[in-house]
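I have placed the structure first, in the form of structure tokens, so that the comments after it can refer back to it.
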Amino acid sequence: MPDTYHLLLILQSCSLSISFGLALLLYFARFHQPDTSKEYEQMRWCNMAALMLMAVHYILQIHFGFRAQGADVGALVNMLFYAPTIYIFCYSFIRLAGRRSFQRRYILISAACMLLIVGCFVGGYLYYNSLHMSVALYAMGIIFTTSIVYCYQYSFKEIRRMQQLVDEESGRMQVQYNLFLHTGSNLLYAATLLMSLSIYFTPLVFLVGTLNLVAILFFVVSFIALGFNISTVSQITSVEMEEEVSVNKTKCEPEVVKPTLSPEQSTMLRELLNDWRKKQGYATSELNSTTLATRLNVPKRVLVQYLREAEGKTFRIWLSDLRLEEAKRLIIEHPEYTNEAIAESCGFSRSHLQVKFKEATGFTTNDWRSAHAQNEDFQ
Numbered sequence: 238m239p240d241t242y243h244l245l246l247i248l249q250s251c252s253l254s255i256s257f258g259l260a261l262l263l264y265f266a267r268f269h270q271p272d273t274s275k276e277y278e279q280m281r282w283c284n285m286a287a288l289m290l291m292a293v294h295y296i297l298q299i300h301f302g303f304r305a306q307g308a309d310v311g312a313l314v315n316m317l318f319y320a321p322t323i324y325i326f327c328y329s330f331i332r333l334a335g336r337r338s339f340q341r342r343y344i345l346i347s348a349a350c351m352l353l354i355v356g357c358f359v360g361g362y363l364y365y366n367s368l369h370m371s372v373a374l375y376a377m378g379i380i381f382t383t384s385i386v387y388c389y390q391y392s393f394k395e396i397r398r399m400q401q402l403v404d405e406e407s408g409r410m411q412v413q414y415n416l417f418l419h420t421g422s423n424l425l426y427a428a429t430l431l432m433s434l435s436i437y438f439t440p441l442v443f444l445v446g447t448l449n450l451v452a453i454l455f456f457v458v459s460f461i462a463l464g465f466n467i468s469t470v471s472q473i474t475s476v477e478m479e480e481e482v483s484v485n486k487t488k489c490e491p492e493v494v495k496p497t498l499s500p501e502q503s504t505m506l507r508e509l510l511n512d513w514r515k516k517q518g519y520a521t522s523e524l525n526s527t528t529l530a531t532r533l534n535v536p537k538r539v540l541v542q543y544l545r546e547a548e549g550k551t552f553r554i555w556l557s558d559l560r561l562e563e564a565k566r567l568i569i570e571h572p573e574y575t576n577e578a579i580a581e582s583c584g585f586s587r588s589h590l591q592v593k594f595k596e597a598t599g600f601t602t603n604d605w606r607s608a609h610a611q612n613e614d615f616q
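Read in order, the letters of the sequence shown correspond to residues 238 to 616 in my numbering.
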């Protein structure tokens, strides 16, 4: 037991250093990320608070030796600190990918769960007059695990919805955004479930504790990476939230069928888009429906409606098709161009060009170039 306890002290000391170090990393990263968003900066401070809460937890574990008093006491203290930490981390995903109404519901649910956990602790301590409170501990564990599973399932659909929206409203794959939301949330969720098991079984702490630190490290790194790519995404999500407020204000009014665009509006938009295309506006890599509507000086709703009615496409599909046609033209007219030059001229990243070209034609860009050089029929 002494050996196990000393190993725990080493693990807790390492966890303390890593938690504090990651909090500092998050803080200093802000000086290298000038173009973020208000939501992102708010989540930076929330994640720093969660990491500092973890650090305080490890300091208390080391100073008071709760694990030495019994595995149940150590688990009790873990529960009181892990619960708010995980709720805050999970809120990072909700804040960046959820509608305001969804965020409010999550805050209420997580706050209620935290109150139940604290209530079980207070009630157990008053009843047992000790930190050894087996029944209260298991009740806290059930609330903690159930709330994590529920909050994850509750937020997963909303995260997927926002991912789809960002993909549809932008002209290229938002890799860092999807990486943070999807991979980061899955990894954090799996680590949390393992954590809920390890707090009851001390031998699992060594393995799960290490995995949790790796998961949190990846979470922080992906969050920082997202900060360098959040400006384009925030333009889409902020408009989405504004539209939600507008809908909430008018939801009690009778539903009105949206009128189609007038011939004059359609003609105007067609001319604006043709002029924009001649100026190769599509070559801008960080382009989405919001930025294009701003450049054309038309409401985003009108632009999206025009593409749906006149082209029968979403913004993403329309822009991707436009760029693909330009890529085909460049390959044929300028066979000497490299794939990198073609991708840059069309607004694609090199990897995205290859993926989209293969999906649309069934050929790679090199195969397409070779076939046309040999006058083969691609029809």
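Glycine residues also receive a C-beta, built at the ideal position from the N, C-alpha and C atoms.
- Query: Which term fits W193, buried or exposed, when burial requires 16 or more other beta carbons within 10 angstroms of its beta carbon?
  - Reply: The question about residue 193 has no answer, for the chain in this structure spans 238 to 616.
- Query: Three-state secondary structure (DSSP) at N534?
  - Reply: It is coil, neither helix nor strand.
- Message: Once DSSP output is grouped into helix, strand and coil, what is the label at A597?
- Response: Taken through DSSP and simplified to helix, strand or coil, A597 comes out as helix.
- Message: Whole angstroms are fine: how far does the CA of M289 sit from the CA of Q267?
- Response: Just to set this straight, residue 267 is Arg in the shown sequence, not Gln. About 17 Å.
- Taking C-beta to C-beta, are S582 and E563 nearer than 9 Å? By the CB criterion at 9 Å, S582 and E563 fall inside the cutoff.
- Task: Name, in chain order, the residues that DSSP records as bridge partners for N603.
- Result: Paired residue(s): none; N603 is not in a bridge.
- Message: Is it buried or exposed, L540, if we count other Cβ atoms within 10 angstroms and call 16 or more buried?
- Response: Buried, because 16 or more other Cβ atoms sit within 10 Å of the Cβ of L540.
- Task: Return the residue from the list M280, Q249 and A580 that minimises the CA-CA distance to Q340.
- Result: For Q340, the closest alpha carbon among the candidates M280, Q249 and A580 is that of M280.
- Could you say which of A308, Y574 and R560 lies nearest to L590 if we only look at CA atoms? Closest by alpha carbon: R560.
- Message: Taking 9 Å as the threshold (C-beta atoms), are Q249 and I331 in contact?
- Response: In this structure, Q249 does not lie closer than 9 Å to I331 by Cβ.
- Task: Find the nearest neighbour of A547 within the set F456, F585 and L498, judged by alpha-carbon distance.
- Result: By alpha-carbon distance to A547, the top candidate from F456, F585 and L498 is L498.
- Message: Does the contact criterion of 3 or more C-beta pairs under 8 Å hold for the stretch 419-433 versus the stretch 445-455?
- Response: Contact between the stretch 419-433 and the stretch 445-455 is present, because at least three Cβ pairs lie under 8 Å.
- Query: Taking Cβ to Cβ, would you say I453 is nearer than 9 Å to L297?
  - Reply: With a cutoff of 9 Å on beta-carbon distance, I453 and L297 are scored as not near each other.
- Could you work out which residue in R553, A520, T273 and A287 is closest to I323 when comparing CA atoms only? Nearest of R553, A520, T273 and A287 to I323, Cα basis: A287.
- Task: For the alpha helix (DSSP H) holding A547, just list the boundary residues, first then last.
- Result: Premise fails: A547 is in no alpha helix (DSSP H) and is neither H nor E.
- Message: As a quick exercise: from S367, Q306, V458 and R606, pick the residue whose alpha carbon is nearest that of K565.
- Response: Ranked by how close their Cα comes to the Cα of K565, the residues S367, Q306, V458 and R606 have R606 in first place.
- Message: Please state the DSSP three-state secondary structure of N466.
- Response: It is coil, neither helix nor strand.
- Query: What are the boundary residues of the alpha helix (DSSP H) that includes Y636?
  - Reply: Any question about residue 636 goes unanswered here, given that the chain covers just 238 to 616.
- Item | Beta-carbon contacts of A428 that lie in its chain and below 7 Å, excluding the five residues immediately before and after | Annotation for A428: L448, N449 and A452 place their beta carbon closer than 7 Å to its own, counting only its chain and skipping 5 residues before and after.
- Message: Considering just the uninterrupted stretch of the alpha helix (DSSP H) at Q340, what are its terminal residues?
- Response: Taken as a continuous stretch (DSSP letters only), the alpha helix (DSSP H) holding Q340 covers R337 to Y365.
- Grab me the residues of V482's own chain with a C-beta within less than 6 Å of its C-beta, minus the 5 sequence neighbours each way, in chain order. Here the model assigns V482 a pLDDT of 40, short of 50, so the residue's position is not dependable, and the following value carries that caveat. Cβ within range, chain order: n/a, list empty.
- Quick one: any contact between the stretch 595-605 and the stretch 528-543, if contact means 3 or more CB pairs under 8 Å? No, the stretch 595-605 is not in contact with the stretch 528-543.
- Close-in-space but distant-in-sequence residues of the same chain around Y426 (CB under 7 Å, 5 per side omitted): Only Y389 meet the Cβ criterion.
- Can you tell me which of Y391, L363, R397 and A312 puts its alpha carbon nearest to the alpha carbon of L345? Of the candidates Y391, L363, R397 and A312, Y391 places its Cα closest to the Cα of L345.
- For A530, collect the residues of the same chain with a Cβ closer than 6 Å to its Cβ; drop the 5 residues on either side in sequence, then sort them by chain order. So the list reads K537 and L540, once near-sequence residues are dropped.
- For V359, count neighbouring C-beta atoms within 10 Å of its own C-beta (all shown protein chains included) and say buried if the count is 16 or more, exposed if not. With fewer than 16 other CB atoms across the displayed protein chains lying within 10 angstroms of its CB, V359 is exposed.
- Beta-carbon separation of L368 and Q306 under 9 Å? Taking C-beta atoms as the reference points, L368 and Q306 count as a pair closer than 9 Å.
- Taking the alpha-carbon positions, what's the M351 to R553 distance? Counting only the Cα atoms, R553 lies some 41 Å from M351.
- Would you call G549 buried or exposed, if buried means 16 or more other Cβ atoms sit within 10 Å of its Cβ? Classification for G549: exposed.
- Query: Straight-line CA distance for K275 to N284?
  - Reply: Spanning the alpha carbons of K275 and N284 requires a straight line of approximately 14 Å.
- Query: Can you tell me the Cα-Cα spacing of L353 and L333, whole angstroms?
  - Reply: Straight-line Cα distance between these residues: approximately 27 Å.
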